[in-house]
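What follows is one structure encoded as structure tokens, with my remarks underneath.
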Amino acid sequence: MKINTIFNVFTPKDVKFFPMLDEMADVLVEGANQLELIFSSSKDQIKDCCHRIKDEEVKGDKITGRISRALNDTFITPFDREDIHALSDRMDDVIDTINRSAQKIMLYEPNILPKYMERMAVIIKQSTHEIRQAINELPNLRKNDKNIRQYCKQIKTWEREADVIYDEGIIRIFHEKMNTVELIKMKEILFELEMSVNKINQTGKFLKTIVVKYA
Amino acid sequence: MKINTIFNVFTPKDVKFFPMLDEMADVLVEGANQLELIFSSSKDQIKDCCHRIKDEEVKGDKITGRISRALNDTFITPFDREDIHALSDRMDDVIDTINRSAQKIMLYEPNILPKYMERMAVIIKQSTHEIRQAINELPNLRKNDKNIRQYCKQIKTWEREADVIYDEGIIRIFHEKMNTVELIKMKEILFELEMSVNKINQTGKFLKTIVVKYA
Amino acid sequence: MKINTIFNVFTPKDVKFFPMLDEMADVLVEGANQLELIFSSSKDQIKDCCHRIKDEEVKGDKITGRISRALNDTFITPFDREDIHALSDRMDDVIDTINRSAQKIMLYEPNILPKYMERMAVIIKQSTHEIRQAINELPNLRKNDKNIRQYCKQIKTWEREADVIYDEGIIRIFHEKMNTVELIKMKEILFELEMSVNKINQTGKFLKTIVVKYA
């Protein structure tokens with residue numbers, strides 16, 4: 033039903049959803065900050081970063097659970113509940129893929145972490161910052177819809193850049209005549225970083241849908 | 033609620049959904065036609081095909097977005113809205129995997145494109161034609177439900193054939209003692225083609241669910 | 033809307049859902065039993081196990097279809113219908129990944145099936161038994177919610193164990209200097225087993241959500 037808009041949903045009683053979504057956005061930003069740090073770290077420091085990312089991933093799971101339970105305890109129609117649920121789910125996917133990227137780097141111990149992978153990590157970090165800014169604007173969606181659109185557009189731009197980096201990276205991996213094990217390690221890590229960018233972009237796309245729907 | 037049937041939903045006011053679903057079906061057919069063309073093309077022509085497929089994928093994204101917004105602007109219950117949304121989402125998945133198949137062929141430049149891959153592409157093309165015919169029948173679902181069932185059955189038959197081709201292809205790749213890079217390229221391309229067949233079959237399965245529900 | 037609880041949904045008229053969910057749980061258990069058997073079987077016996085698992089997968093598809101149609105024929109609100117649908121879908125994902133694991137073992141014919149893979153299969157078997165017990169308790173959810181929570185907790189514990197086994201398995205595969213084809217076969221089979229564990233855990237997580245919501 034179109035009767036409920038996000039503004040009905042987020043009546044005084046329901047404003048609790050905003051801080052939880054903000055917390056979730058912080059999880060993404062902190063996870064992505066640590067992911068970028070990996071690329072300028074020693075082996076031991078890499079482990080620290082990965083453990084911190086894992087902590088954020090666990091925190092993300094808990095926040096998603098709290099949002100889900102809060103949605104069940106609140107009188108709102110399924111339609112809008114679905115949107116909040118979907119948004120928190122998509123952010124949970126982001127921290128999951130960031131965590132998987134980090135775990136693969138720690139576990140596989142590739143001989144090198146090339147520049148193009150670091151560039152992907154920088155894009156991931158920057159994009160999660162945009163996500164957080166967009167999420168922070170949600171309580172004032174009607175007034176600030178242009179800002180949110182702008183953040184999502186920026187994410188889309190970076191996603192296209194990441195696509196090019198990924199394609200070039202795969203070609204390099206295929207051409208550099210490394211041994212099989214290294215080749216597979218590199219491909220898997222690069223793939224996981226690309227997945228993170230995709231999941232961030234999907235979150236951005238969904239934020240744009242919310243703007244279209246409620247602004 | 034079972035009160036709404038697709039016929040209530042598609043009241044005069046809402047017939048706009050049919051042309052959009054038809055457009056989406058055209059995107060799949062055109063993408064799949066180009067994918068098959070790749071296998072009888074020179075290197076330069078392959079690039080043209082891939083760019084055309086990419087264009088269809090972008091078009092698919094836009095149509096999905098339009099359907100999604102139209103659903104929000106139309107007074108219908110969530111239940112049936114979900115079905116239209118799910119149908120357009122599944123078709124979007126099909127063009128995404130067709131595009132990924134094409135991109136991988138262009139990017140990886142494998143030494144050969146074996147016959148069994150071409151056979152997969154032919155199955156993909158034929159199946160998207162069945163999807164389009166089924167989608168075209170939706171406005172007359174009640175009268176033509178047998179036709180739609182027939183299209184879906186044909187898709188299922190081809191999906192089983194594609195499964196056999198995939199399995200045989202993988203075994204060949206493992207037995208042909210090609211070098212690591214070629215092996216990985218071949219495996220990835222074949223996997224992506226198989227994913228396209230799967231996504232088409234899932235669309236077919238969903239169309240059958242719609243028939244069961246509303247015919 | 034929060035008006036419907038699972039107890040309203042499952043009014044006398046709708047108890048038919050419980051036996052269907054039980055049947056689905058049996059499919060998972062039988063599939064997982066056969067999967068474990070593979071690891072103590074001769075080559076010919078492996079084929080038998082795989083065919084039996086395939087049969088269960090087909091049966092799972094049919095049950096999911098029946099649940100889906102029954103949901104359409106029953107007067108319940110979308111919200112709770114979604115939960116039943118999602119639960120049966122998640123169980124269907126489990127038997128799909130179990131089947132894919134078995135098919136890959138049969139198709140790839142790896143030189144060895146190492147102990148850590150068998151340990152994964154044991155975890156899968158044990159976890160599907162927990163799923164079945166939890167599903168069996170659903171009709172008495174309110175009285176037995178503690179039991180269901182306990183089954184889900186056990187699944188979560190095994191999932192963590194499987195994560196460690198997977199990580200150690202991948203490192204072994206990378207270190208054992210096997211040839212490329214064997215390496216890829218092993219990695220793919222291990223990945224598919226890990227996917228099965230994940231899908232079981234997701235079913236467990238969803239069962240916990242149901243407990244939180246309705247108990």
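Residue numbers (my numbering), protein chains in the order written: chain A, 33 to 247; chain B, 33 to 247; chain C, 33 to 247.
The beta-carbon is built from N, C-alpha and C at its ideal position, and this holds for glycine as well.
* Asked: By Cβ distance below 7 Å, which residues in the same chain neighbour B/S73 in space, the five residues on each side in sequence not counted?
  -> Translated into positions along the second sequence, residue 73 of chain B becomes position 41. Counting only Cβ-Cβ distances below 7 Å, and skipping sequence neighbours, we find C81.
* To do: Closer than 8 Å by beta-carbon distance: list the chain C residues that pair up with A/T129, in chain order.
  => Taking the first residue of the first sequence as 1, we reach residue 129 of chain A at position 97. Under the 8 Å cutoff, chain C gives no residues; its nearest Cβ is about 14 Å from A/T129.
* **Buried versus exposed call for B/Q77 [16 or more other C-beta atoms within 10 Å across all chains shown]** => Here residue 77 of chain B corresponds to residue number 45 of the second sequence, with the count starting at 1. Under this definition B/Q77 is an exposed residue.
* Asked: Comparing the C-beta of C/V133 with each C-beta of chain B, is any distance below 8 Å?
  -> In the third sequence, the residue the question calls residue 133 of chain C occupies position 101. As written in the sequence, residue 133 of chain C is Ser, which differs from the Val given in the question. Answer no: the Cβ-Cβ gap between C/S133 and chain B never drops below 8 Å.
* Which residues in chain B sit within 8 Å of A/L215, going by Cβ to Cβ distance? -> Reading the first sequence from its first residue, position 183 is the one you call residue 215 of chain A. Near A/L215 (Cβ distances below 8 Å), the residues of chain B are T212, V213 and I216.
* Check whether the Cβ atoms of C/E220 and C/A194 sit closer than 8 Å, and answer yes or no. => Translated into positions along the third sequence, residue 220 of chain C becomes position 188. Translated into positions along the third sequence, residue 194 of chain C becomes position 162. Against a cut-off of 8 Å, the Cβ pair of C/A194 and C/E220 comes out as no contact.
* Hey, would you say B/L119 sits closer than 8 Å to B/F238, going by beta carbons? -> One-based indexing of the second sequence puts residue 119 of chain B at position 87. One-based indexing of the second sequence puts residue 238 of chain B at position 206. Yes.
* Around the Cβ of C/P142, are there at least 16 other Cβ atoms within 10 angstroms (buried) or fewer (exposed)? -> In the third sequence, residue 142 of chain C corresponds to position 110, counting from 1. By the 10 Å Cβ count, C/P142 comes out buried.
* Residue environment, C/R101, which counts as buried when at least 16 other CB atoms sit within 10 Å -> The residue labelled residue 101 of chain C in the question sits at position 69 within the third sequence. Counting Cβ neighbours within 10 Å, C/R101 comes out exposed, since fewer than 16 surround it.
* Asked: Can you give the beta carbon distance from C/V154 to C/L60, rounded, assuming they're within the 8 Å contact cut?
  -> Here residue 154 of chain C is taken as the residue at index 122 of the third sequence, counted from 1. Here residue 60 of chain C is taken as the residue at index 28 of the third sequence, counted from 1. With 8 Å as the limit, C/V154 and C/L60 do not qualify as a contact, their Cβ atoms being about 15 Å apart.
* For C/K48, the three-state DSSP class (helix, strand or coil) -> Within the third sequence, residue 48 of chain C is the residue found at index 16, counting from 1. The answer is coil: DSSP assigns C/K48 none of H, G, I, E or B.
* Asked: With distances taken from CA atoms, which of A/K175, A/M149 and A/A64 is nearest A/E200?
  -> Here the question's residue 200 of chain A lines up with position 168 in the first sequence. The shortest Cα separation from A/E200 among A/K175, A/M149 and A/A64 belongs to A/M149.
* **Check whether A/P171 and A/F50 have beta carbons under 8 Å apart** => Position 139 of the first sequence, counted from the first residue, corresponds to residue 171 of chain A. Position 18 of the first sequence, counted from the first residue, corresponds to residue 50 of chain A. A contact, by the Cβ cut-off of 8 Å.
* Asked: Is any beta-carbon of chain C found at less than 8 Å from that of A/R101?
  -> Counting from one through the first sequence, the residue named residue 101 of chain A turns up at place 69. Taking Cβ atoms only, chain C reaches closer than 8 Å to A/R101, which makes this a yes.
* Report yes if the C-beta distance between A/E224 and A/S159 is below 8 Å; otherwise report no. => For the purposes of this step, residue 224 of chain A is identified with residue 192 of the first sequence, where counting begins at 1. For the purposes of this step, residue 159 of chain A is identified with residue 127 of the first sequence, where counting begins at 1. The answer is no: Cβ separation not under 8 Å.
* **Residue of C/R192, C/I85 and C/R151 minimising C-alpha distance to C/N230** => Here residue 230 of chain C corresponds to residue number 198 of the third sequence, with the count starting at 1. Selected option, being the one with the closest Cα: C/R192.
* **Rounded separation between A/M52 and C/D93 - CA only** => Reading the first sequence from its first residue, position 20 is the one you call residue 52 of chain A. Reading the third sequence from its first residue, position 61 is the one you call residue 93 of chain C. Approximately 38 Å, taken between the alpha carbons.
* Spatially closest choice to B/K185 from B/H117, B/I203, B/E162 and B/I197, by CA coordinates -> Reading the second sequence from its first residue, position 153 is the one you call residue 185 of chain B. Minimum Cα distance to B/K185 is reached at B/E162.
* Asked: Can B/K147 and B/A64 be called in contact, C-beta distance under 8 Å?
  -> Residue 147 of chain B sits at position 115 when you count from the first residue of the second sequence. Residue 64 of chain B sits at position 32 when you count from the first residue of the second sequence. No, they are not a contact pair.
* Asked: Roughly how many whole angstroms lie between the Cα atoms of B/D208 and C/I130?
  -> Along the second sequence, read from residue 1 onward, the residue named residue 208 of chain B stands at position 176. Along the third sequence, read from residue 1 onward, the residue named residue 130 of chain C stands at position 98. The question names Asp, but residue 208 of chain B in the sequence shown is Glu. Straight-line Cα distance between these residues: approximately 28 Å.
* **As assigned by DSSP and simplified to three states, the class of C/S120** => Locating residue 120 of chain C in the third sequence gives position 88, counting from the first residue. Reduced to three states, the DSSP call for C/S120 is helix.
* Asked: Rounded to whole angstroms, how far is the Cβ of A/T241 from the Cβ of A/R122, which I believe are closer than 8 Å?
  -> As a working mapping, residue 241 of chain A is identified with position 209 in the first sequence. As a working mapping, residue 122 of chain A is identified with position 90 in the first sequence. About 11 Å; that fails the 8 Å criterion.
* Helix, strand or coil for B/I163 per DSSP? -> Translated into the one-based positions of the second sequence, residue 163 of chain B becomes position 131. The answer is helix: DSSP assigns B/I163 an H, G or I state.
* Of all Cβ atoms in chain A, is any one closer than 8 Å to the Cβ of B/L139? -> Reading the second sequence from its first residue, position 107 is the one you call residue 139 of chain B. So yes, B/L139 belongs to the interface.
* Separation of B/D177 from B/V196, as counted between CA atoms -> Counted from its first residue, the second sequence places residue 196 of chain B at position 164. Counted from its first residue, the second sequence places residue 177 of chain B at position 145. Using only the alpha carbons, I get a separation of about 29 Å.
* **Span of the alpha helix (DSSP H), counted from its first residue to its last, around C/D105** => Taking the third sequence and counting its residues from 1, one reaches residue 105 of chain C at position 73. First-last for C/D105: undefined, no H or E at that position.
* **For C/N172, the first and last residue of its enclosing alpha helix (DSSP H)** => Sequence index remark: in the third sequence, residue 172 of chain C carries index 140 (1-based). Per DSSP, C/N172 belongs to no alpha helix (DSSP H) and is neither H nor E.
* **Short CB-CB distance (under 8 Å) between A/S228 and chain B** => Position 196 of the first sequence, counted from the start, is the residue given in the question as residue 228 of chain A. No, because no Cβ of chain B sits closer than 8 Å to the Cβ of A/S228.
* **Where the alpha helix (DSSP H) through B/N233 begins and ends** => As a working mapping, residue 233 of chain B is identified with position 201 in the second sequence. Element bounds for B/N233: T212 to Y246.
* Asked: Given C/R113, which residues of its chain have a CB within under 6 Å of its CB, disregarding the five upstream and five downstream residues?
  -> Position 81 of the third sequence holds residue 113 of chain C. Answer for C/R113: L103, listed in chain order.
* **Best match in B/L139, B/E62, B/L222 and B/Y183 for proximity to B/E89 [C-alpha to C-alpha]** => Here residue 89 of chain B refers to the residue found at position 57 when the second sequence is read from its first residue. Looking at the Cα atoms, B/E62 is the closest of the given residues.
* To do: Work out the CA separation of C/D105 and C/M218 for me, nearest whole Å.
  => Working through the third sequence from its first residue, we reach residue 218 of chain C at position 186. Working through the third sequence from its first residue, we reach residue 105 of chain C at position 73. Rounded to the nearest angstrom, the two C-alpha atoms are 45 Å apart.
* To do: Using a Cβ-Cβ cut-off of 8 Å, state whether B/I202 counts as contacting chain C.
  => Locating residue 202 of chain B in the second sequence gives position 170, counting from the first residue. Yes, B/I202 lies at the interface with chain C (some Cβ there is under 8 Å from its Cβ).
* Asked: Could you give the C-beta distance for B/L173 and B/A57, rounded to a whole number, given that I count them as a contact under 8 Å?
  -> As a working mapping, residue 173 of chain B is identified with position 141 in the second sequence. As a working mapping, residue 57 of chain B is identified with position 25 in the second sequence. With 8 Å as the limit, B/L173 and B/A57 do not qualify as a contact, their Cβ atoms being about 15 Å apart.
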